[in-house]
Structures are given as C-alpha cells and as structure tokens.
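Colleague:
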Ligand code: FES
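Residue numbers (our numbering): 760 to 880.
1) State the Cα-Cα distance for the pair residue 880 and residue 873, rounded to the nearest angstrom.
2) In the DSSP assignment, find the unbroken alpha helix (DSSP H) run with residue 850 in it and report its ends.
3) Under a three-way DSSP split, which group does residue 783 fall into?
4) By the DSSP assignment, the beta strand (DSSP E) with residue 815 in it spans what residues?
5) For the pair the stretch 775 to 783 and the stretch 798 to 808, tell me if three or more CB-CB distances fall below 8 Å.
6) Buried or exposed: which applies to residue 841, given that a residue is buried once 16 or more other Cβ atoms fall within 10 Å of its Cβ?
7) Could you tell me the boundaries of the alpha helix (DSSP H) in which residue 859 lies?
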C-alpha cells in the first residue's frame with residue numbers, strides 16, 4: 760500500500776517533538792478521520808529555523824509530517840506558505856488516494872502555525 764520512502768519516514772520520522780515558546784503554534788484536526796496534529800515553528804529573519812510536530816495520525820500523516828517539515832525547514836515564511844498537499848505527496852513519491860487527506864492535515868497545520876506567527880508580529 761505504501762512505497763519505500765513513505766515507510767522510511769514513518770519508521771524514522773524527522774523533526775518530531777515539541778518546542779518551548781514557539782514563534783508559531785497550531786493544533787489542527789482532519790475533518791475526514793478526526794486525527795490531530797500540533798505544529799511548532801521557530802522563525803528568525805523571516806525564515807523557519809526550526810520546526811517540530813506531534814502527529815496523532817496514521818502512517819501517511821506521520822510520513823507527510825516528516826517530509827513536509829524537512830521541506831520547509833530553512834525556507835522563508837512565503838515559501839513555506841506556498842507548500843501544498845500535492846507538493847508533499849509528490850515528494851513522498853505518491854500516497855494511496857484515500858490517504859491524500861492526511862497530507863492536507865499537514866499543509867493545514869503548517870499554514871495555521873504561520874498564521875499564528877503572523878498574528879504576533
Ligand atoms: Fe487520519 Fe491519516 S487517516 S491522518
């Protein structure tokens with residue numbers, strides 16, 4: 760069902776954890792399955808210098824969280840805001856159709872954490 764890259768990120772996910780006093784924070788849930796995730800951002804000079812998350816979701820959600828946080832780490836806020844679930848799925852080498860909503864939860868979490876950051880500056 761899942762390709763090797765998805766399974767590798769699921770078994771050894773990158774950037775997992777929490778952050779004290781994050782510059783941006785959001786907790787979002789998937790309306791499709793009820794799973795949730797929390798996203799933490801550290802921002803310096805308009806760039807995401809660190810990113811952590813906790814995902815309470817399936818294999819696809821964990822793999823999407825891992826690869827998406829790799830993709831936005833070190834990028835500008837504008838670049839991170841432009842990340843879509845299609846970019847995440849492409850970078851993973853594909854997800855089963857019924858699992859694409861799991862990557863949307865990650866896109867939503869990154870965008871919501873950025874919105875939180877922007878609301879404070
Ligand atoms: Fe809920 Fe994948 S089934 S995040």
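Glycine residues also receive a C-beta, built at the ideal position from the N, C-alpha and C atoms.
Modeller: Result, derived from the coordinates:
1) 11 Å
2) 844 to 850
3) strand
4) 806 to 815
5) yes
6) exposed
7) 859 to 879
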